[in-house]
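Residue numbers (our numbering), protein chains in the order written: chain X, 10 to 132; chain U, 10 to 132. Think of the CB as a built atom: it goes at the ideal place given N, C-alpha and C, for glycine as much as any other residue. Some notes on the structure that comes next.
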DNA sequence: CCATTAGATTGATGATTGTCAATCTATATT
DNA sequence: AATATAGATTGACAATCATCAATCTAATGG
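Rendered as structure tokens:
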């Protein structure tokens with residue numbers, strides 16, 4: 010079922026040639042990153058580098074599963090703006106959306122956050 | 010000694026009211042973030058969310074200590090551009106610069122990266 | 001079938017950002 | 001003092017981004 014960030018052109022997984030929970034690359038503190046590695050990580054970090062999206066993400070994580078209508082209020086943003094942010098987060102593979110009836114239910118993709126932590130020099 | 014990112018107007022530490030290695034906040038996956046928390050984290054993530062800066066950071070981490078002149082070549086960017094990026098990373102508290110003679114020596118601030126990892130849902 | 005509701009899409013606008021040429025500052029060397 | 005070198009600063013420009021009003025799509029309820 011097609012929803013939000015899932016309308017990407019290619020058939021690639023969330024974003025970048027790997028599954029969200031695959032190992033990928035060593036921490037950036039271990040060895041100089043390649044241009045490709047840095048491009049991929051930067052694209053995920055760009056999705057995270059916004060106050061509204063960080064709070065959105067934390068709400069989704071806290072609620073376990075949330076529809077967009079539960080986000081507009083707490084975040085104080087318009088419906089199109091929320092839709093925009095959920096789309097960016099989904100394209101980055103950080104959340105997943107599932108359409109059920111009128112609502113889209115968003116859930117966290119914890120492995121994706123774990124990948125970021127690891128590449129950021131995770132222990 | 011005044012160098013690069015250190016020219017900020019206030020007397021605050023690296024960026025945000027805390028020292029780089031202080032505890033601050035629980036992971037974003039534990040509870041909804043406040044607007045202030047998300048602003049602070051987003052500002053660090055914004056500094057990280059660029060391919061050139063990620064590679065710059067990984068080179069500094071690998072070398073242990075590097076002058077700007079060792080960055081222009083590997084990163085393929087002009088001198089002002091490198092200076093711009095080191096400044097942003099320093100303002101975010103992710104690297105520290107020390108002027109010695111003609112050179113500025115950059116070092117990683119690992120606690121700052123650790124803080125980001127923890128807030129990103131670190132174990 | 002019509003009205004309502006959730007949310008995605010489009011288009012426009014103001015703000016931010018990455019980049020570099022040109023310039024400036026400070027240090028080192030002769 | 002004159003020259004050279006490392007790097008910071010300024011100014012400009014194109015590209016990207018966050019935001020929202022307006023519109024469109026799809027599903028629900030009468």
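With contacts defined by Cβ atoms closer than 7 Å, residue 68 (chain U) and residue 41 (chain X) form a contacting pair. In the three-state reduction of the DSSP assignment, residue 116 (chain U) falls in the strand class, which pools E and B.
Per the coordinates, the alpha-carbon of residue 124 (chain U) lies some 10 Å from the alpha-carbon of residue 103 (chain U).
Per DSSP, residue 46 (chain U) is one residue of the alpha helix (DSSP H) stretching across 44-57. Looking from the CA of residue 61 (chain U), the closest CA among X:48, X:64 and X:70 belongs to X:48. Non-local C-beta neighbours of residue 87 (chain X) in its own chain, meaning closer than 8 Å and more than five positions away in sequence, comprise 81, ordered along the chain.
Secondary structure note for residue 82 (chain X): its alpha helix (DSSP H) is the uninterrupted segment 78-84. Relative to the Cα of residue 66 (chain U), the nearest Cα in the group U:129, U:128, U:130 and U:121 belongs to U:121. Annotation: residue 74 (chain X) is outside any alpha helix (DSSP H) and is labelled neither H nor E by DSSP.
From the listed residues X:52, X:50, X:77 and X:59, the smallest Cα separation to residue 114 (chain X) is found for X:77. Contact between residue 70 (chain X) and residue 38 (chain U) holds: their C-beta atoms lie close to 4 Å from each other, under 8 Å.
Considering only X:85, X:74 and X:89, the residue with the shortest C-alpha distance to residue 107 (chain X) is X:74.
Against chain X, the CB of residue 68 (chain U) has a partner CB under 7 Å away; the residue lies at that interface. Closest option to residue 72 (chain X), judged by alpha-carbon separation, among X:116, X:53 and X:44: X:116. Selection X:44, X:112, X:33 and X:43 evaluated against residue 79 (chain X) yields X:112 as nearest (Cα-Cα). One Cα belongs to residue 128 (chain U), the other to residue 98 (chain U), and the distance between them is close to 18 Å.
In the DSSP assignment, residue 89 (chain U) falls within the unbroken alpha helix (DSSP H) covering 88-100.
In its chain, beyond the 5 residues on either side, 128 have a beta carbon closer than 6 Å to the beta carbon of residue 50 (chain X). Beta-bridge partners assigned by DSSP to residue 106 (chain U): U:115. Around the beta carbon of residue 56 (chain X), 16 or more other beta carbons lie within 10 angstroms, which makes this residue buried.
Between the C-alpha atoms of residue 105 (chain U) and residue 118 (chain U) there is a straight-line separation of about 7 Å.
Residue nearest to residue 53 (chain X) within the set U:52, U:58 and U:53 is U:58 (criterion: CA-CA distance).
Spanning the alpha carbons of residue 33 (chain X) and residue 46 (chain U) requires a straight line of approximately 29 Å. At least one CB of chain X lies nearer than 7 Å to the CB of residue 60 (chain U). Under the three-state reduction of DSSP, residue 70 (chain X) is assigned to helix.
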